[in-house]
Structure formats: C-alpha cells, structure tokens
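Reviewing the structure listed below.
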Amino acid sequence: MIVDESRERADLLAHALLAVGHEIIAHAPTTLGLHRRVESLKPDIIIIDTESPDRDTLEHLCFLSESQPRPIVMFTHDGDREKIREAVRAGVSAYVVGGMAAERIEPIIDEAIARFDEYQALKDELREANTRLADRKAVERAKGILMQTRKLSEDAAYKALRKLAMDRNMRLADLAVQIISASELLG
Numbered sequence: 133m134i135v136d137e138s139r140e141r142a143d144l145l146a147h148a149l150l151a152v153g154h155e156i157i158a159h160a161p162t163t164l165g166l167h168r169r170v171e172s173l174k175p176d177i178i179i180i181d182t183e184s185p186d187r188d189t190l191e192h193l194c195f196l197s198e199s200q201p202r203p204i205v206m207f208t209h210d211g212d213r214e215k216i217r218e219a220v221r222a223g224v225s226a227y228v229v230g231g232m233a234a235e236r237i238e239p240i241i242d243e244a245i246a247r248f249d250e251y252q253a254l255k256d257e258l259r260e261a262n263t264r265l266a267d268r269k270a271v272e273r274a275k276g277i278l279m280q281t282r283k284l285s286e287d288a289a290y291k292a293l294r295k296l297a298m299d300r301n302m303r304l305a306d307l308a309v310q311i312i313s314a315s316e317l318l319g
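The number in our numbering is simply the position in the sequence shown, starting from 1, with 132 added.
Structure representation (structure tokens):
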C-alpha cells in the first residue's frame, strides 16, 4: 500500500515497485482512515512518501502499529533527528531521507521487513516475560494467602495450589488469580 499526497510521486514509486515484482493493492493520499484501509486490505507493507511527517501522520501510524502492526517504510526529505525518532516510535521500520532511486527500493523494503520481524519478536518475548512474571507474582501471592489462612508451610501451600489446579484442569496462575480475588472479596 502506498500513501502519498502527490499522485505523480505515487505513480513513480508504484512503477519502481512493480518493476521489482511487488503488487500495489492501494494508494491513499493521506494517513487519514489508514487504519480502516489496512484492516480491510491487509497489505504486507506500507510505503509512505512525504515531504515531512506531521503529527497527525505519526499519530495514525502509532495507532496502526499498535492495532495492526506492519512494516512501514517512510521516504521523506526531512532529516531532522527528532522527526526520525518520532517516526521510529510510531512504528516506522525504515526512515529514508532523500530521493528514492529505483535500485534502492528493494533493499530498503527487505531491511524494513527484517527490522519489523526482529522488533515483533522482541515485543513477543517481552510480552511473554511479563506474563510469566505476573503469573509468578500471582502464585506467590496466592501461596501467601494459603500460608496465612490455612497455616501451611510455603512448600505445602504450593503443593495444595498445584493439586487444586490439576484437579480443576486449570493453569496454576489462573487458579492463583481466583484465590486472590476470593481473598479480596472475603476480606
């Protein structure tokens, strides 16, 4: 998908992309409504050509990157370091300042996809680590509740939690959250 307010620039970019084997599924003149277009068309990559990314563009990209992450390449003439940082924070995988020579497009797209994939893998790892940490905290808290209310040792409280989770065919962390909720309710 190409996003460019200039139809002439978009046509040049489309021609260069078609020449290296890419398919253009849409052209949007602005990022307004980009979320809906991406949701319906599901492009593999978004290429934006702009003189300088404005706040609205970056906000739309940030929302898009959170809800429907995709590799995003931005061609621009604005080399301001703060704009570059803002664009990367908004989800831009490759920020290219200067012209877009046809022979450079394919390596730039490849780089953007590689960076995007690596970033997504890191986000997934972080999400998993945070989930494991939250699960561990819940189990520890539930053990503490059992130790206090039933006067159990730490080992006995863990064994009781594990046995109940197995009997109910539940994840240990899910049972721990239920015990914590029940404890808070009862007071």
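The beta-carbon is built from N, C-alpha and C at its ideal position, and this holds for glycine as well. Source: prediction; values computed, not measured.
Asked, Found
"Residue interval of the alpha helix (DSSP H) (run including VAL170)", "166-173"
"Through-space distance from LEU265 to ALA297, alpha-carbon basis", "19 Å"
"Chain-order list of residues whose beta-carbon lies under 6 Å from that of ILE245 (same chain, five-residue window excluded)", "PRO203"
"Range of the contiguous alpha helix (DSSP H) that encloses MET206", "Note, MET206: premise wrong, no alpha helix (DSSP H); beta strand (DSSP E) at 204-208."
"Residue of GLU171, LYS215, GLU218 and ILE240 minimising C-alpha distance to ALA148", "ILE240"
"Continuous alpha helix (DSSP H) assignments of at least 4 residues falling wholly in the segment 270-317", "286-299"
"LYS275 versus ASP256 - alpha carbon distance", "28 Å"
"Separation of SER199 from ASP176, as counted between CA atoms", "15 Å"
"Nearest-angstrom Cα separation, counted from GLY223 out to ARG141", "23 Å"
"Residue from LEU173, LEU164, ARG217 and ASP210 with nearest C-alpha to HIS192", "LEU164"
"Among ARG273, ILE134 and VAL228, the one whose alpha carbon lies nearest that of ARG213", "VAL228"
"Cutoff 8 Å; reference ASP169; Cβ partners in own chain excluding five residues on either side", "Going by the sequence as given, residue 169 is Arg instead of Asp. Hits under 8 Å: MET133, ALA158 and ALA160."
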